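Take a look at the structure set out below.
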Amino acid sequence: MIDELLKYYKSNLSTYSLVFKYMPFLNAMVSFLFVLLIISGYILIIILPLSFAAPSYVKGSAIFFGGILILSILVISFFNTKAKRILNNHYSIQVKKGGWRTEQFEDMQRKFLSEYLKSKGLYSEEKLNLLIKILEKEIVRSKPPTFLAPGAFLALFIPVWSQYAVFFFKAFDSTKFNESTSVFVTFTVVALFISVCIGTFKAMFSLVEDFFMIEINIKKRFLEKVEDALLFYNDTCVDLEYVLNRSN
Numbered sequence: 016m017i018d019e020l021l022k023y024y025k026s027n028l029s030t031y032s033l034v035f036k037y038m039p040f041l042n043a044m045v046s047f048l049f050v051l052l053i054i055s056g057y058i059l060i061i062i063l064p065l066s067f068a069a070p071s072y073v074k075g076s077a078i079f080f081g082g083i084l085i086l087s088i089l090v091i092s093f094f095n096t097k098a099k100r101i102l103n104n105h106y107s108i109q110v111k112k113g114g115w116r117t118e119q120f121e122d123m124q125r126k127f128l129s130e131y132l133k134s135k136g137l138y139s140e141e142k143l144n145l146l147i148k149i150l151e152k153e154i155v156r157s158k159p160p161t162f163l164a165p166g167a168f169l170a171l172f173i174p175v176w177s178q179y180a181v182f183f184f185k186a187f188d189s190t191k192f193n194e195s196t197s198v199f200v201t202f203t204v205v206a207l208f209i210s211v212c213i214g215t216f217k218a219m220f221s222l223v224e225d226f227f228m229i230e231i232n233i234k235k236r237f238l239e240k241v242e243d244a245l246l247f248y249n250d251t252c253v254d255l256e257y258v259l260n261r262s263n
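Take the position in the sequence shown, starting the count at 1, then add 15; the result is the number in our numbering.
See below:
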């Protein structure tokens with residue numbers, strides 16, 4: 016039953032089936048740029064310790080990473096505009112400002128799902144709760160691709176920079192103020208850079224999860240919709256009970 020529900024969601028209610036399939040080229044381009052951004056970010060982190068020995072390599076990697084980042088922002092901006100047109104043309108949802116994914120779109124998905132669950136006899140508080148528990152277990156059993164995990168940044172960063180740190184601390188004279196200051200500033204900047212990279216990566220990944228039709232992403236999105244359906248179901252019951260009490 017779960018497989019049937021997930022298959023229906025993927026084919027009829029997912030963001031890809033409702034929006035992205037109408038712009039396959041842009042969808043593929045955003046996915047490609049995102050993967051390229053990850054790879055270039057990894058490379059930049061790995062070769063940063065060579066900033067003193069081979070600054071040209073670091074500079075080239077930084078320029079490449081920055082260029083991919085800027086191109087990604089431009090393409091996503093165009094993608095957002097195109098998605099708004101699709102919502103207006105296919106679902107009569109008008110979005111004037113901000114991102115294309117609005118509450119109206121979320122409500123539309125939830126209503127479609129609620130109607131489907133009703134047709135399957137699954138639209139009750141007890142069955143929705145059971146469905147949520149089953150999906151949570153399914154998600155725990157599933158694992159995202161390793162290269163997409165934010166922790167992969169640290170897995171690559173720590174071994175390289177630990178060796179660099181040993182070499183660096185052996186090389187400088189702690190009695191000289193300028194060298195001590197340089198070490199402090201260098202490692203402070205690096206720490207901030209890694210924190211920003213990981214935070215930015217996690218934010219971008221949550222933004223573009225829908226671009227990757229990976230099983231765990233489908234399950235997560237479907238779980239969110241079922242939880243929304245349960246919340247709406249409970250709200251409806253509360254409103255109905257309030258009306259009945261008022262009438263009595």
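Beta carbons are placed, not taken as given, at the ideal position from N, Cα and C, and that holds for glycine.
As the structure is a computational prediction, the values presented were derived from the model and not from experiment.
Runs of alpha helix (DSSP H) wholly within the region 34-114 (minimum 4 residues, chain order): 39-62, 70-106
Length of the line joining the Cα atoms of residue 123 and residue 46: 25 angstroms
Close beta carbons around residue 150, own chain, < 8 angstroms, minus the five adjacent residues each side: 17, 234, 237, 238, 241
Per-residue DSSP class, three states only, for residue 229: coil
At least 3 beta-carbon pairs within less than 8 angstroms: the region 102-111 vs the region 73-91: no
Residues near residue 153 in its chain [Cβ-Cβ closer than 8 angstroms; skip 5 each side]: 17, 234
Cβ neighbours of residue 98 in the same chain (closer than 7 angstroms, five flanking residues each side left out): 34, 115
Straight-line gap, residue 192 to residue 62 (C-alpha atoms, nearest Å): Here the model assigns residue 192 a pLDDT of 46, short of 50, so the residue's position is not dependable and the matter cannot be decided.
CA-to-CA distance, residue 44 to residue 54, given in whole angstroms: 15 angstroms
Outcome for residue 27 when other beta-carbon atoms lying within 10 angstroms are tallied against a minimum of 16: exposed
Whole-angstrom distance between residue 42 and residue 36, CA atom to CA atom: 8 angstroms
Residue 131 versus residue 110 - alpha carbon distance: 26 angstroms
Euclidean distance between Cα positions of residue 24 and residue 117: 19 angstroms
Residue span of the alpha helix (DSSP H) that contains residue 123, given as start and end: 118-134
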